[in-house]
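Residues 1 to 397, numbered by the numbering used here, are exactly what the sequence shown covers, in order.
Just so you know, even glycine gets a beta-carbon here, dropped at the ideal spot from N, CA and C.
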Amino acid sequence: MVNLQTFEEIKHPMYVLEEARLRRNLSLISSVAEAADVEIILAFKAYALWKTFPIFKEYIQATTASSLWEARLGYEEFGSKTHTFSPAYTDDEIDEIARCSSHLTFNSLTQYERYHQRVRTVNSGISCGIRINPEYSEVETLLYNPCAPGTRFGVRNALLPEKLPTDIEGFHCHTLCESGADVFRRTLTHIEDKFGAWFSQIKWINFGGGHLMTRAGYDIDLLVATLREFHARYPWLKVVLEPGSAFAWQTGELVSQVVDIVGGTDGEPTTAILNVSFTCHMPDCLEMPYHPRVRGAATLESEDVFLPQTTEDGGRSYVYRLGGNSCLSGDFMRSWAFDHPLQIGENIIFEDMLHYTTVKTNTFNGISHPAIGLVRCDGSLEMLRTYSYADYKARMD
Ligand SMILES: Cc1ncc(COP(=O)(O)O)c(C=O)c1O
């Protein structure tokens, strides 16, 4: 049995996925799919822990891939052909991608021209689509905005032929990132304004990811109403959503340990160095960037606070930067306030570390990868994966 508050039994870095939390998300997502009469599929780019696919299959039927390997994973491990979109299909990979896909979306008309006959030769049942660019996205971080000026994603309405090629059966569109239903509703008006004229020629539309329906406060009713109204306007269109984050949102933690404490003299900040790394194991914290929550600590947004603070109730709080174990100078974040001085060996628990982590991590500096564990609903811990020197070495064979 694992203590889910302190993880005191865990003495080494580990991503801990909690089955009960995962099932809560899956159950909500499948109830939205049913209420809105749409298909909701898992985007592997956010989460691809394939040993947990049997749990997913109790709730959803399909997945979405953005590369050959994700398509294979969907076909071989999830057991169904994937909805695939890649901005760059190649001669070397297109046949196998087509074999593994039920739906295949082209990013451009040139990619369509180059490969549409070939994919249908390999897989006569495949349904082809084209990615559209509605030139509207409310995502403020340019790194995550698929409609940023000069984007390489999708075809603008001005460039789409009035009569679509007969084997284009669907539109794919991705414009959201951790967005609410209100953002989707506003975006949809732009999609319809710009591309509604073509809807009579297609059979399906995929509204991409970024629908963060499992976040507290997400307006599920608005999402369902928006989708049902859309369906009433275009009853022949099958609607697909392919979120990633929403599935793994708040399903688990990254448990790490304090290795050393440095600084703290001459007015310098105190840094607790950990046995995990932001750049290797929590890359979005630096890329996005965002300030992750740490269990039992207050997140301090100000960069200037680093001395022990007196709390409102007269107690003391101890302020630390948390530093990674790589040699990247910027592999640290600040600051968190704890109610006690940190001790070497104590657990530091980063909340909500299951989406866009295990799919993006690396072994930069030869740093060992945190293990991946699954806490079953009965509280027992099942190890999904531990890593060794052989994994590091094999990557560069
Ligand atoms: C085409 C596409 N589909 C789905 C997703 C999944 O998005 P999210 O994890 O934000 O739901 C992304 C994310 O980048 C994407 O680019």
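- Taken from the Cβ of residue 242, at least one heavy atom of ligand 1 lies inside 7 Å.
- Within the model, the alpha-carbon separation for residue 267 versus residue 336 is close to 17 Å.
- In chain order, 277, 279, 280, 364, 365, 367 place their CB closer than 7 Å to the CB of residue 326, counting only its own chain and leaving out the 5 sequence neighbours on each side.
- Residue pairing by DSSP puts residue 382 in a beta bridge opposite 374.
- Here the alpha carbons of residue 356 and residue 199 stand approximately 33 Å from one another.
- Counting along the chain, the unbroken alpha helix (DSSP H) around residue 25 starts and ends at 19-36.
- For residue 231, the enclosing alpha helix (DSSP H) stretches over residues 220-233.
- Comparing alpha carbon positions, the residue from 76, 144, 371, 344 closest to residue 288 is 144.
- In this structure the stretch 126-133 touches the stretch 147-167; the number of beta carbon pairs closer than 8 Å is three or more.
- Look at residue 245: its beta carbon is less than 7 Å from one of the heavy atoms in ligand 1.
- Exposed is the label assigned to residue 142, since fewer than 16 other Cβ atoms lie within 10 Å of its Cβ.
- Here the C-alpha atom of residue 120 lies approximately 56 Å from the C-alpha atom of residue 272.
- Rounded to whole angstroms, the gap between the alpha carbons of residue 107 and residue 82 is 16 Å.
- Beta bridge pairing from DSSP links residue 181 with no other residue.
- In the structure shown, residue 99 falls within a helical segment according to DSSP collapsed to helix, strand and coil.
- If the five residues before and after residue 100 are omitted, its C-beta is found closer than 7 Å to the C-beta atoms of 71, 72, 74, 75, 81, 82, all from its own chain and listed in chain order.
- The stretch 206-218 makes no contact with the stretch 8-19, as fewer than three CB pairs between them are under 8 Å.
- Taking C-beta separations shorter than 7 Å and ignoring five residues to either side along the sequence, the partners of residue 251 in its chain run 17, 18, 21, 22, 25, 354, following chain order.
- Of all alpha-carbon atoms in 96, 248, 317, the one lying nearest the alpha-carbon of residue 374 is that of 248.
- The Cβ-Cβ distance between residue 320 and residue 286 does not fall below 8 Å.
- Taking a C-beta distance under 8 Å as the contact criterion, residue 371 and residue 389 do not qualify as a contact pair.
- The beta carbon of residue 376 sits closer than 8 Å to those of 19, 382, all from its chain and outside the five residues before and after it, given in chain order.
- In this structure, the alpha-carbon of residue 260 lies about 25 Å from that of residue 392.
- In this structure, ligand 1 has a non-hydrogen atom nearer than 7 Å to the beta-carbon of residue 174.
- Pairing residue 55 with residue 41 gives a Cβ-Cβ distance that is not under 8 Å.
- Here residue 15 carries a strand assignment [DSSP, helix/strand/coil].
- No heavy atom of ligand 1 is found nearer than 7 Å to the CB of residue 253.
- Selection 122, 362, 7, 87 evaluated against residue 110 yields 87 as nearest (Cα-Cα).
- About 20 Å separates the Cβ atoms of residue 345 and residue 332, ruling out a contact at the 8 Å cut-off.
- With distances taken between CA atoms, residue 245 lies nearest to 178 out of 197, 395, 35, 178.
- Annotation: residue 348 to residue 258 spans about 7 Å, alpha carbon to alpha carbon.
- Counting only the Cα atoms, residue 191 lies some 24 Å from residue 46.
- For residue 55, the uninterrupted alpha helix (DSSP H) run begins and ends at 53-56, by DSSP.
- Ranked by Cα distance from residue 96, the options 77, 79, 194, 122 are led by 122.
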